[in-house]
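Number of protein chains: 4
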Amino acid sequence: MMTAEEYIQSLRDLGPRKVYLLGELVSNPVDHPIIRPSVNCCAMTYRLAEMPEHENLMQATSALTGKKINRFANLYQSTDDLIKKVKMQRLVGNMTGACFQRCVGMDALNAMWSTTHEMDLKHGTGYHERFRRYVTAWEEKDWTVDGCMTDPKGNRSRGPSQQKDPDLFVHVVEKKNDGVVVRGAKMHQTGIVNSHEILVMPTLTLGAEDRDYAVAFAVPANDESLLYIYGRQSCDTRKLESTKVDVGNIRYGGQEAIVIFNDTFVPWERVFMCGEHDFSGMLVERFAGYHRQSYGGCKVGNGDILIGAAAATADYNGVTKASHIRDKIIEMVHLNETLFSCGIACSAMGRKTASGNYLIDMMLANVCKQNVTRFPYEMARLAQDIAGGLMVTMPSDADFNSPVTGPWCEKMMAGDDAYPTRHRQRMLRLIEAMTLGAVAVGYLTESMHGAGSPQAQRIMIQRLANLEHKKALARRICGIDPDGLL
Amino acid sequence: MMTAEEYIQSLRDLGPRKVYLLGELVSNPVDHPIIRPSVNCCAMTYRLAEMPEHENLMQATSALTGKKINRFANLYQSTDDLIKKVKMQRLVGNMTGACFQRCVGMDALNAMWSTTHEMDLKHGTGYHERFRRYVTAWEEKDWTVDGCMTDPKGNRSRGPSQQKDPDLFVHVVEKKNDGVVVRGAKMHQTGIVNSHEILVMPTLTLGAEDRDYAVAFAVPANDESLLYIYGRQSCDTRKLESTKVDVGNIRYGGQEAIVIFNDTFVPWERVFMCGEHDFSGMLVERFAGYHRQSYGGCKVGNGDILIGAAAATADYNGVTKASHIRDKIIEMVHLNETLFSCGIACSAMGRKTASGNYLIDMMLANVCKQNVTRFPYEMARLAQDIAGGLMVTMPSDADFNSPVTGPWCEKMMAGDDAYPTRHRQRMLRLIEAMTLGAVAVGYLTESMHGAGSPQAQRIMIQRLANLEHKKALARRICGIDPDGLL
Amino acid sequence: MMTAEEYIQSLRDLGPRKVYLLGELVSNPVDHPIIRPSVNCCAMTYRLAEMPEHENLMQATSALTGKKINRFANLYQSTDDLIKKVKMQRLVGNMTGACFQRCVGMDALNAMWSTTHEMDLKHGTGYHERFRRYVTAWEEKDWTVDGCMTDPKGNRSRGPSQQKDPDLFVHVVEKKNDGVVVRGAKMHQTGIVNSHEILVMPTLTLGAEDRDYAVAFAVPANDESLLYIYGRQSCDTRKLESTKVDVGNIRYGGQEAIVIFNDTFVPWERVFMCGEHDFSGMLVERFAGYHRQSYGGCKVGNGDILIGAAAATADYNGVTKASHIRDKIIEMVHLNETLFSCGIACSAMGRKTASGNYLIDMMLANVCKQNVTRFPYEMARLAQDIAGGLMVTMPSDADFNSPVTGPWCEKMMAGDDAYPTRHRQRMLRLIEAMTLGAVAVGYLTESMHGAGSPQAQRIMIQRLANLEHKKALARRICGIDPDGLL
Amino acid sequence: MMTAEEYIQSLRDLGPRKVYLLGELVSNPVDHPIIRPSVNCCAMTYRLAEMPEHENLMQATSALTGKKINRFANLYQSTDDLIKKVKMQRLVGNMTGACFQRCVGMDALNAMWSTTHEMDLKHGTGYHERFRRYVTAWEEKDWTVDGCMTDPKGNRSRGPSQQKDPDLFVHVVEKKNDGVVVRGAKMHQTGIVNSHEILVMPTLTLGAEDRDYAVAFAVPANDESLLYIYGRQSCDTRKLESTKVDVGNIRYGGQEAIVIFNDTFVPWERVFMCGEHDFSGMLVERFAGYHRQSYGGCKVGNGDILIGAAAATADYNGVTKASHIRDKIIEMVHLNETLFSCGIACSAMGRKTASGNYLIDMMLANVCKQNVTRFPYEMARLAQDIAGGLMVTMPSDADFNSPVTGPWCEKMMAGDDAYPTRHRQRMLRLIEAMTLGAVAVGYLTESMHGAGSPQAQRIMIQRLANLEHKKALARRICGIDPDGLL
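Residue numbers (this note's numbering), protein chains in the order written: chain G, 1 to 486; chain D, 1 to 486; chain Y, 1 to 486; chain E, 1 to 486.
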């Protein structure tokens, strides 16, 4: 396993990549002030694994080699493993207050594992063995791998081959003896610039007409063909300012970028699906299922911080004992723990796949994510309520530091005099960051769209609802069908 | 284990009890048409245990004797046991569409088990051994035991000894050589008339001044000193009509009654707390915790039926494919599975007590119940939306059966002609029953107040929230406290 | 104007009608104990008009004759008139705690008034003059008129002429020299048995193929061809018991019945649409619009009572000062006044029609009703929360009156001793009645489906939303379209 | 009346003011790129008044001089005037998509008008006449006046004189022959840097011990004693970038600043309250009431834009016809029009004050604002749902403009090819701006805390609820009190 420092250095060691940010090529992404907080965030998954007190959650025993590995590279081997994953995510969420990015690869790993196995069973292909070798290296080298799914999609009412521009979904443009050439892009890639490897999957269930789009493969993150365009997020440039106080979350942050596959060559050894469109649905659903589970951990961990920030602000404001404030904090806790319950439940109800690793309960994982598309928003609203208006009218830290305005800021921004004004300032900036600012994208919009937008979960809930069984239960109870029991 | 039939006969065998209903003494409660559906409902816990396909959920192996027992008499021996409990409750809820009553005793059993153990450790008393003997008989005889907690309470802003009338909480009025004499009443006793035994606990955390109220004990349900007054519920008298169709749930129902302890004598062997007020809080909280878990099973089971009824009605109305109908059914499923997730999660996160049985995670159990005070109401609202107005304007079954009006009812109440009008009639009656009628008390109001009203859970959530830890997390993230990690 | 007593006698004077209830012919509906509360409720619209202190709201000056008339027979002559309508409905809702039924006719009157005018303008028909004569008699005789719209509809995915049974929508079966013969039924007829006249309208927008279904007309309620089947509602038979306490709302109630038009003959003078299918949509939308406004008055009036009952129960329980109780009551008030705001706003934004009377703002009226399909349910949930479980476990009034159980009920059901137990009993029964019992249909399910189910309002909201205008605003703000202003 | 251009020039003409922003003194606030959008926004209130098509809403006839004036300087003379105010605010909100700031002064004007009148009646003071002279100038000169209320407040659980630092509320530090000297600060001052005048009021109901804090007065915005510190808001520095596309709302924005009264001298002619603490409550409540009404206009106007942006994005994404998208847009419209209903209703229910101007209905105005603290957040959540994740992962406009990345952005960010990619880009930036970015503070957090935080409204709702009347209604209905009517 790598240490956090080794991880950070390993990213520098990837060498020059074509990463564009704010219109400019970034020669050294790792040390760019807008990008670095996201590197720190992912590095936390390494740092915590070094700490004995977190070993139980952060480390696992490899199912392949029996060695100790970072749990982020783990094949889920039991429901207990699935539960520990969620608890680990809550922990890392607690320590970063932002999206730490490394879950996507972990979830892709597990989805690909069982899907390649079942694909081989049906089609007689050899993907699973290839993938096993890939996973062995992954565990060994303790990679951060970007699980790469969402295509640009163009007009959402049309499939891949119906788009005017065929490149709006990643597809195979040429098959060669030694590999394939792919073209397209993947959007919203969380943490991709902080990854060693990119593991690409199709984005939706495909029919035979979209066979060329049924492609899964891995490429090193420093492949020359790749072009990265870094997404801009709310308040990103505050990270460029001389003081970090106004960023709110002063050290950690998320990352979303677009990656372009500009005729990327992939050797066969790294191709894990190529034309088996009938397994695209399984792969997508399993990956999405695992990742919907994940949100019951990481966002809960972030939510703990938002609750803590709201509670601390109530102290600073002198209103800790106001019944409506107490009640709002209780409501935040209640919502947050409901999300955690969903993350835990879909884990505890998991089952073994044919390939040996464990799959979450798909219904409950979708239910989990569906709640995540709602509750953090309400928690953010409550936090803003508790914070008071100062959260959005407070002068800049530069004004706090100015000899002219600083003393006035100190004097007039004071709350309960048991606490320094500067603590209140920082805590309000943190709430701003999580609800409007630098990490709000991770806490809110990612909660909405990450691992699939709300409607995607609703479609799955409908499919898994077994309404016919429920109707039969109802018919018996009202006497349409015979009871036969009592 | 008893069969369902043996159970029903065993209630008759209890002999004459003072049960009052609608102002009259009921000589034979078991066969009274208003009471019988609740007997059937509880009997289902016996009937399903006889069925091989449900053995895994319905039976357990006794921790005391190693014998096979009904899971409703089981000491929870693992988190898996806790999970199975919830799944069993969902199953029985599916088969009854109503409150099957027997959980209260099961939860009281487990709360009393660990509390007597810890009480003995501190006070050197011998309650646990006594209770073990009692439980051994319970398992052996496969009793239904009424867990008996809620006192009348009088003026809620005053404690037991501050009430004008000292009997508004059950208390010891005399201690004798061979036992104690108690007086008072317990309200809202679910299934008490269908129980063999009554296990009484205090209703709230008590101080030294309320020492006499800190009493726990068991009495046989046919003790002569007891007086039962049966609560009336919405549409109860429809059960007295010649046709059962209008009851909606035609065979099963709930039961709530008040029991008066009119100077009841309890021998010491059956006394499990007597004055140890410092353990009243633990007993109440553990019982409540277990019972809040239970709601994540039984009400989910009932919810399945309501969803099934709504979906079937959509079929009958010819609107199955309408997108808004589909979406409302998805929402019902989502809410119901969220409740289930909470039931499962507090089980999976359970821990072993000092006495050996397992306790649920208290935070998550309270979160579970808090959601139960909300979601069934929204599900009921959605079901009424899907059902359409006919649910509440439909003529009586007598009108359907009348030679004059019957043909008009058949003709005008028809929906999609693929289904008989009479099916639509029955299904609408079922939705009425669950949202306004005979089982709405069980599905809705009991969801609100059973195992403690919403505010009781909020107080627990606040106490367990560990806000100081969350504040510390927030302080580190915004830079008030040192990071020290990255 | 009639007095309340004259009104009640006038119903008796209608003579024998074929009204069926619980499978039996009811010879004198007015004095039947299940029906009488609904008569009392409608009679309140007459009684309040007699009271000088309510004259301003309850009376209006006829636009046709200049005479003082009951406002329930009024053509809306200004936005002030529309506002007074809503305030009148809140007042009557306050005095009855139930649906007083007479609004349907008033709203039908105004919808028919402007639609017949516009129909004549286009088709050269003479319906408006006929209808003016009818309205003149209506005002003069101070009728209660049942506005009669909802057909059985059969399979909801098919139109009238696509049904297997052509009678599932009211239609003309024969045109004669002196009138038309109609056949079919109308469902959910609020207050029809308490009406002097029935004013029939089509139930949806019709195409040319459904021309025969485009028929509007009036018949006297005692027409021999009519058959009424009274709908049964939750707890209806409690009204038959010797004590009325358990009914909750002891004197007032709603009424829903089905009416069969068994080849009813209507003379031309009373026919107001016959084949003009292109105006069916206008008639339906305007009636629905007015009626959706109405819900912003009557249900608010009922809501006031539920709030009062919850607040009084809090007093009786001794928890008036508990912050969570206070907060829940505030929330109930807030929701109720939001509904009132919607009722007032669609009135204040009303506009004059070509025929001279005033139409509400259609968007806001639909928004009003959409909120009514939600908030009363939440208010009912909060009221049940505040009430406590006793609301659904309380023994019958017969048990309170019994010499054996009565003293125990008095003793154990006591709350704060500043209030008699019997007050608590009655108040809890009232909350039960409004949320589960005899008037819950009116307060809840009618709020859902009356004046159109929720989806009907959503379709209207979509149609009236003018999204193109909103898109244009957005395009200008983000710079796609030129600003041109600053 | 001033033209928009004259208004902007008049701000320049105010001369040097001590305005600090991002730690620096801003010599010319009007033309600072971060401030200018807020100037444009306020200027819109002048520009629209110049346009004949908006004259009816934007202009009024002065109650003092009979001259045509800008409605933002108007004394409300009727309920129709109150309604027009709300419609005007919706219009300006439509044209700016941001907070246009000028309402605060208008609402302060009307609150001060009636309060000074009633103060004079009781105390024999001459404030009203003074204020009349001030208002006459205001109308004449068409000022933008900052209504200035919220003090820093320090520890919220203590009153002004209980704070350790007496300056945490504005107070009189010296009374002189020719005027008073005041010290303190006001927070969250919307638009203060764009105002000609500052009209200061106390922030809460004061007791005799806080007499020195009961002070109201006006000062010119360029008074030398004043120090302004500009609040920083989400994404404020995007306005400094070379392209404005990423700002989202490219031309308009809000403004919040803190103003320090550093021993400001105010001549008596401009003092409107000085020690009459018993009228502080009336002034605060009336101002708050008017301003809570205002939110039913301006935020609805902003909401229209958010709806339009969401609907346009749905077009660009090719999902306009998806039923769940349609339904979410309907929900947004429904919520927005509910807010409008509340704004209209409290206006239509207004009443004349003793001083002659009109006051809104206080209950309904508080209900209006309470809804505003909720619905915009849900609308923002729905807009983010409809927008899709690209809203927060899209590269900067600089990347769109770069020769390297620009073509890839154009290609891969394309939606439905019927629309340019750049339109999609701008529209997504607008949604970002309103929900997370530059105008989210105005649309969301200001909706929460402007005109008083949610709890402030709840306290008012409780006070105005007349629960005793509601209890009496309930007692009559359940038979505790006599009916006496029927």
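Glycine included, C-beta positions come from ideal geometry on N, C-alpha and C.
Neighbourhood of residue i by C-beta distance below 6 Å, restricted to the same chain and skipping five residues each side
{"i": "G/Asn222", "result": "Leu14, Gly15 and Arg17"}
{"i": "D/Lys369", "result": "Arg292, Tyr295, Ala451 and Gln457"}
{"i": "D/Ala322", "result": "none"}
{"i": "E/Asn74", "result": "Ala60"}
{"i": "Y/Met460", "result": "Asn366"}
Cβ distance (whole Å) where residue i is taken to contact residue j below 8 Å
{"i": "G/Phe131", "j": "G/Thr116", "result": "5 Å"}
{"i": "E/Ser341", "j": "Y/Ser341", "result": "5 Å"}
{"i": "G/Val193", "j": "G/Tyr230", "result": "7 Å"}
{"i": "Y/Val19", "j": "Y/Val30", "result": "About 10 Å; that fails the 8 Å criterion."}
{"i": "Y/Met58", "j": "Y/Met95", "result": "Going by Cβ atoms, the distance from Y/Met58 to Y/Met95 rounds to 11 Å, so no, they are not a contact pair."}
Neighbourhood of residue i by C-beta, 7 Å cutoff - its chain only, sequence neighbours within 5 removed
{"i": "D/Lys352", "result": "Tyr358"}
{"i": "D/Val319", "result": "Ile325"}
{"i": "D/Gln89", "result": "Cys103, Ser294, Gly297, Cys298 and Gly301"}
Residues that DSSP places opposite residue i in a beta bridge
{"i": "Y/Val182", "result": "Y/Val172 and Y/Thr264"}
{"i": "G/Tyr316", "result": "G/Tyr316 pairs with nothing; no bridge assigned."}
{"i": "E/Leu226", "result": "E/Phe261"}
{"i": "Y/Asp146", "result": "Y/Ile198"}
{"i": "E/Thr190", "result": "E/Glu256"}
{"i": "E/Gly359", "result": "Sequence check: residue 359 of chain E is Leu here, not Gly. DSSP lists E/Arg351 as partners of E/Leu359."}
Contact set for residue i: own chain, Cβ-Cβ below 8 Å, skip 5 residues either direction
{"i": "Y/Asp385", "result": "Lys328"}
{"i": "E/Tyr46", "result": "Met1, Met2, Thr3, Ala4, Glu6, Tyr7, Asn70 and Asp142"}
Length at least 4, wholly inside the segment 39–124 of chain G: the alpha helix (DSSP H) runs in chain order = Counting whole runs of 4 or more residues, the segment 39–124 of chain G contains the alpha helix (DSSP H) stretches 55–58, 79–96 and 103–123.
Any 3 or more C-beta pairs closer than 8 Å across the segment 307–318 of chain Y and the segment 162–178 of chain Y = Contact between the segment 307–318 of chain Y and the segment 162–178 of chain Y is absent, with fewer than three C-beta pairs closer than 8 Å.
In chain order, each beta strand (DSSP E) run of at least 3 residues that lies wholly inside the segment 271–313 of chain E | The segment 271–313 of chain E contains these whole beta strand (DSSP E) runs: 271–274.
Is the number of C-beta pairs between the segment 24–38 of chain E and the segment 456–474 of chain Y that are closer than 8 Å three or more?
-> No, because fewer than three Cβ pairs between the segment 24–38 of chain E and the segment 456–474 of chain Y fall closer than 8 Å, the two stretches do not touch.
If we count Cβ pairs, one from each stretch, closer than 8 Å, do we get three or more for the segment 402–421 of chain D versus the segment 406–418 of chain Y?
-> Touching, no.
Decide if the segment 374–382 of chain D is in contact with the segment 279–290 of chain D; the criterion is three or more beta carbon pairs, one per stretch, under 8 Å apart.
-> Below 8 Å, too few C-beta pairs join the segment 374–382 of chain D and the segment 279–290 of chain D to call them touching: fewer than three.
Give, in chain order, every unbroken run of the alpha helix (DSSP H) that is at least 4 residues long and sits entirely within the segment 372–454 of chain D.
-> The qualifying runs are 375–387, 390–393, 397–401, 406–412, 421–435 and 446–449.
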